[in-house]
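**Q**
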Amino acid sequence: MNLVFNIPRLTISSHRGGAGKTIFTLGLINLLNEKGIKIAPFKKGPDYIDAGWLSKIAEKPCRNLDLFLFDKKEVLFSFYLGSQNADIAILEGNRGLYDGVDEEGSCSTAELAKLLKSPVILVLDCTKATRSMAALVKGFMEFDKEIEIKGVILNNIARPRHEKIIRNSIERYTDAKVLGVIPRLKNMVKERHLGLVTHFEKDSSFLKDLRGKLSENVDLESIIEMAKKVSPLEIPEFSLVKGVKTYKVKIGVFLDQAFQFYYPENFEFLQSYGGELFFINSFEERRLPSDISGLYLGGGFPEIFAQALAENKELKKDVKEAIESGMPVYAECGGLMYLGEEIEWQGKNFPMTGVLPIKFKVDTKPHGHGYVIAKVESENPYFKINDTILGHEFHYSYPYKMDLKKGMKTVFKLEKGTGLDGTRDGILYKNLLASYTHIHIFSVKYWAENFLELAYKFKNS
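Note that the working numbering gives residue 260 to position 251 of the sequence shown, counting from 1, and the numbers run on in steps of one.
1) Helix, strand or coil for Met-235? Go by DSSP, reduced to three states.
2) With DSSP run on the structure shown, which of helix, strand or coil describes Met-411?
3) Within its chain, find whatever has a CB closer than 8 Å to the CB of Thr-183; leave out the 5 residues flanking it on each side and keep chain order.
4) Kindly give me the distance between the Cβ atoms of Asn-226 and Gly-189, rounded to whole angstroms, as I take these residues to be in contact under 8 Å.
5) Could you give the DSSP three-state label for Glu-353: helix, strand or coil?
6) Leaving out five residues on either side along the sequence, give the residues of the same chain with a beta carbon under 6 Å from the beta carbon of Met-235.
7) On the three-state DSSP scale, how would you describe Tyr-43?
8) Please go through the same chain and pick out, in chain order, the residues whose beta-carbon is closer than 6 Å to the beta-carbon of Tyr-107, but skip the five residues on each side of it.
9) Less than 8 Å between the C-beta atoms of Glu-353 and Lys-374, yes or no?
10) Just checking, does the stretch 272-283 make contact with the stretch 442-451 on the three C-beta pairs under 8 Å criterion?
11) Quick check on Ser-22: does DSSP put it in helix, strand or coil?
12) Give the DSSP-derived three-state secondary structure of Pro-273 in the structure shown.
13) Go ahead and pull the three-state DSSP assignment for Lys-65.
14) Out of Arg-25, Val-161 and Phe-51, point me to the one whose CA is closest to Leu-35's CA.
15) Since Ala-443 and Gly-344 are thought to touch, with beta carbons under 8 Å apart, how far apart are those beta carbons, to the nearest angstrom?
16) With a Cβ-Cβ cutoff of 8 Å, do Tyr-409 and Lys-468 count as a contact?
17) Grouping DSSP H, G and I as helix and E and B as strand, with all else coil, what is Leu-423?
18) Whose C-alpha, out of Val-161, Ala-122, Pro-245 and Gly-61, is nearest the C-alpha of Ala-131?
19) Residues in the same chain with beta-carbon distance under 6 Å from His-378, minus the five sequence neighbours each way, listed in chain order, please.
20) Please identify the residue among Tyr-455, Tyr-89 and Leu-318 whose C-alpha is closest to the C-alpha of Ser-281.
21) If you draw a straight line from the alpha carbon of Tyr-305 to that of Asn-321, how long is it in whole angstroms?
22) Can you check which of these residues, Lys-123, Glu-180 and Glu-157, is closest to Thr-140 by C-alpha distance?
23) Short of 8 Å in beta carbon distance, which residues of its chain neighbour Glu-155, apart from the five on each side in sequence? Order them along the chain.
24) With distance defined between alpha-carbon atoms, name the residue in Gly-105, Ala-167 and Pro-192 nearest to Phe-152.
25) Going by DSSP, what residue range makes up the alpha helix (DSSP H) through Asn-226?
26) Based on the DSSP output, what are the partners of Thr-397 in its beta bridges?
27) Mapping the DSSP letters down to three states, classify Glu-323 as helix, strand or coil.
28) Between which residues of its own chain and Leu-163 is the CB-CB distance below 8 Å, once the five residues before and five after are set aside?
29) Counting along the chain, where does the beta strand (DSSP E) carrying Ile-313 start and finish?
30) What does the alpha-carbon distance come out to for the pair Val-364 and Phe-270?
31) Pull up the DSSP beta-bridge partners for Ile-436, would you.
32) Okay, do the stretch 67-85 and the stretch 15-31 touch, 3+ Cβ pairs below 8 Å being the bar?
33) Identify every residue that forms a DSSP beta bridge with Lys-186.
34) Give the DSSP-derived three-state secondary structure of Val-364 in the structure shown.
35) What is the residue span of the beta strand (DSSP E) that Glu-243 lies within?
36) State the start and end residues of the unbroken beta strand (DSSP E) segment that holds Asn-73.
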């Protein structure tokens, strides 16, 4: 039986990526929180960095919603789960509103907004444009009339005359309401490779100025009213835990500035099966905890902190010895790089753990960027052979020297994606599986139980 559920909600989108969605969404959440309104944050797509900022500002875990990695039932369930004890749900889209994986716009923010029956606010970068913004908005509204584009935010407004022409044009030629403006701001979060500087590295001092500007220039009451005018959703039945067995094991998780790319649901599934997560700072901890039975090494920015990682020789030694002893270790992207021989970054070489005979180089352009479709071709303890794994990758690094030793093999053949060499990914060595591909538990639900089963056997061996 489906559950009828309703919560005020909004989708923040744009005509393109980089137009100011994230800055506006962060400022809006902060402003609403200051007024005592509890926000449930969501991010469209497989994105960790924006989601990390949204989590920090909302003070509530941000969940990713994605129609490529999940089916519609799972998207609705995740939305329901993440909206508990909140007053308003805010979803930040990615790229442009209608941008998807094909010409049909599959998996786009627009399709997600339709599924969630959510009104849309467009954030428009108005740099070097005036009346043309009205034509843009009109086109967006006519393109798919099932999408409820209710209002727009004008970003990068230079001066009052600039705003007046755009505001009057949009409200004359379209039914969209101009809900406010964002003047050109300083001291905002900067971008680098992979996206914004992460919330681990940049403090939130910029929010004070942003909140002040939005308070002066945005019609907050209209936005709140817009969020309330939504229809109820039907949430399908969904069981978070499919199995019946629980495992009392401790899993070490690297979590710090270098390793921070994790989905909340991946943690929740591990915990729901009885796994206890022990978070490890790879800079501060000199040894692995003696009572852990597995390791989870997520993605992040090991290249930026490569010197500090290289200098922590004791921890690197412990990780290598744990893997050699058969401890189950699951590593994604940055975790994979940490397990190689070295990382070359900005002309310098930094030694890593040396578990895998791979040398990584970080380039100035992406080597893998987008969704991954991986066929499981080799036996391994984490995934079922012949299964298709849906995931994603985003890395500027690549193996410039790789010579797998006896006992090492790749388990994924890529139907879509780049991985290690354009065709393969996922290195298996003993009970280690290290891959450029990031997975979300909703696309491979048995992963958590298999991981914990391995850890349980290791603990009792």
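Glycine included, every Cβ here is placed at the ideal spot set by N, Cα and C.
For clarity, every value in this text was computed on a predicted model and none was experimentally measured.
**A** Considering the structure as presented:
1) Position 226 of the sequence shown, counting from 1, holds the residue named residue 235. Met-235: helix per DSSP, three-state reduction.
2) As a first step, residue 411 must be located in the sequence shown, where it is residue number 402. Three-state result, Met-411: strand.
3) By one-based count along the sequence shown, residue 183 stands at place 174. Result list for Thr-183: Ala-143, Val-146, Lys-147 and Met-150, in chain order.
4) Position 217 of the sequence shown holds residue 226. Position 180 of the sequence shown holds residue 189. Between Gly-189 and Asn-226 the Cβ distance is about 5 Å, and since that is below 8 Å, they are a contact.
5) Taking the sequence shown and counting its residues from 1, the one referred to as residue 353 is at position 344. Three-state result, Glu-353: strand.
6) Counting from 1 along the sequence shown, the entry for residue 235 is found at position 226. Same-chain partners within the cutoff: Pro-128 and Lys-159.
7) As a working mapping, residue 43 is identified with position 34 in the sequence shown. It is Glu, not Tyr, that sits at residue 43 in the sequence shown. When secondary structure is reduced to three states using DSSP, Glu-43 falls in the helix class.
8) As a working note, residue 107 is residue 98 in the sequence shown. If we look at Tyr-107 and ignore the five residues flanking it on each side, its Cβ neighbours are Gly-114, Ser-117 and Ala-119.
9) By 1-based counting over the sequence shown, the position of residue 353 is 344. By 1-based counting over the sequence shown, the position of residue 374 is 365. Not in contact: Glu-353 and Lys-374 (Cβ atoms no closer than 8 Å).
10) Contact between the stretch 272-283 and the stretch 442-451 is present, because at least three Cβ pairs lie under 8 Å.
11) In the sequence shown, the residue the question calls residue 22 occupies position 13. Looking at Ser-22 - three-state DSSP - the assignment turns out to be strand.
12) Here the question's residue 273 lines up with position 264 in the sequence shown. Pro-273 carries a helical assignment under DSSP once its states are collapsed to helix, strand and coil.
13) For this step, residue 65 is matched to residue 56 along the sequence shown. Here Lys-65 sits in helix by DSSP.
14) Taking the sequence shown and counting its residues from 1, the one referred to as residue 35 is at position 26. Nearest Cα to Leu-35 within the set Arg-25, Val-161 and Phe-51: Phe-51.
15) In the sequence shown, counting from the first residue as 1, residue 443 sits at position 434. In the sequence shown, counting from the first residue as 1, residue 344 sits at position 335. Yes, Ala-443 and Gly-344 are in contact; Cβ-Cβ is about 7 Å, under 8 Å.
16) Numbered from 1 along the sequence shown, position 400 holds the residue referred to as residue 409. Numbered from 1 along the sequence shown, position 459 holds the residue referred to as residue 468. No; because the gap between Cβ atoms is not below 8 Å, this pair is not in contact.
17) In the sequence shown, residue 423 corresponds to position 414, counting from 1. In this structure, DSSP gives Leu-423 an extended state, which the three-state scheme calls strand.
18) By one-based count along the sequence shown, residue 131 stands at place 122. It is Leu, not Ala, that sits at residue 131 in the sequence shown. It is Val-161.
19) Position 369 of the sequence shown, counted from the start, is the residue given in the question as residue 378. Once the five neighbours on either side are set aside, the close Cβ partners of His-378 are Phe-403.
20) Working through the sequence shown from its first residue, we reach residue 281 at position 272. Per the Cα distances, Tyr-455.
21) As a working note, residue 305 is residue 296 in the sequence shown. As a working note, residue 321 is residue 312 in the sequence shown. Looking at the two C-alpha atoms, the distance is approximately 18 Å.
22) For the purposes of this step, residue 140 is taken as the residue at position 131 of the sequence shown. The identity of residue 140 in the sequence shown is Arg, whereas the question assumes Thr. Ranking Lys-123, Glu-180 and Glu-157 by CA distance to the CA of Arg-140 puts Glu-180 first.
23) Here residue 155 refers to the residue found at position 146 when the sequence shown is read from its first residue. Lys-123.
24) Here residue 152 refers to the residue found at position 143 when the sequence shown is read from its first residue. Checked all of Gly-105, Ala-167 and Pro-192; the closest Cα to Phe-152 is Gly-105.
25) On the sequence shown, position 217 is the one that residue 226 refers to. Membership of Asn-226 in the alpha helix (DSSP H) is indicated by the continuous run 215-226.
26) Sequence index remark: in the sequence shown, residue 397 carries index 388 (1-based). Per the DSSP secondary-structure output, Thr-397 pairs in a beta bridge with Lys-384.
27) Residue numbering aside, residue 323 sits at position 314 when the sequence shown is read from its first letter. Note: Glu-323 maps to helix in three-state DSSP.
28) Residue numbering aside, residue 163 sits at position 154 when the sequence shown is read from its first letter. Excluding sequence neighbours, Leu-163 sits near Leu-133, Cys-135, Met-142, Glu-172, Ile-175, Arg-176, Val-187, Gly-189, Val-190 and Ile-191.
29) If you number the sequence shown from 1, residue 313 lands on position 304. Looking at the DSSP string, Ile-313 is not in any beta strand (DSSP E), and its letter there is neither H nor E.
30) Counted from its first residue, the sequence shown places residue 364 at position 355. Counted from its first residue, the sequence shown places residue 270 at position 261. Answer to the nearest angstrom: the Cα atoms are 21 Å apart.
31) Taking the first residue of the sequence shown as 1, we reach residue 436 at position 427. Partner residues in the beta bridge of Ile-436, as assigned by DSSP, are Thr-419 and Ala-443.
32) Judged by Cβ distances under 8 Å, the stretch 67-85 makes no contact with the stretch 15-31, as fewer than three pairs qualify.
33) Taking the sequence shown and counting its residues from 1, the one referred to as residue 186 is at position 177. Answer is Gly-160, bridged to Lys-186.
34) As a first step, residue 364 must be located in the sequence shown, where it is residue number 355. Reduced to three states, the DSSP call for Val-364 is coil.
35) Taking the sequence shown and counting its residues from 1, the one referred to as residue 243 is at position 234. Per DSSP, Glu-243 belongs to the beta strand (DSSP E) from 242-244.
36) By one-based count along the sequence shown, residue 73 stands at place 64. Residue range 72-74 is occupied by the beta strand (DSSP E) that includes Asn-73.
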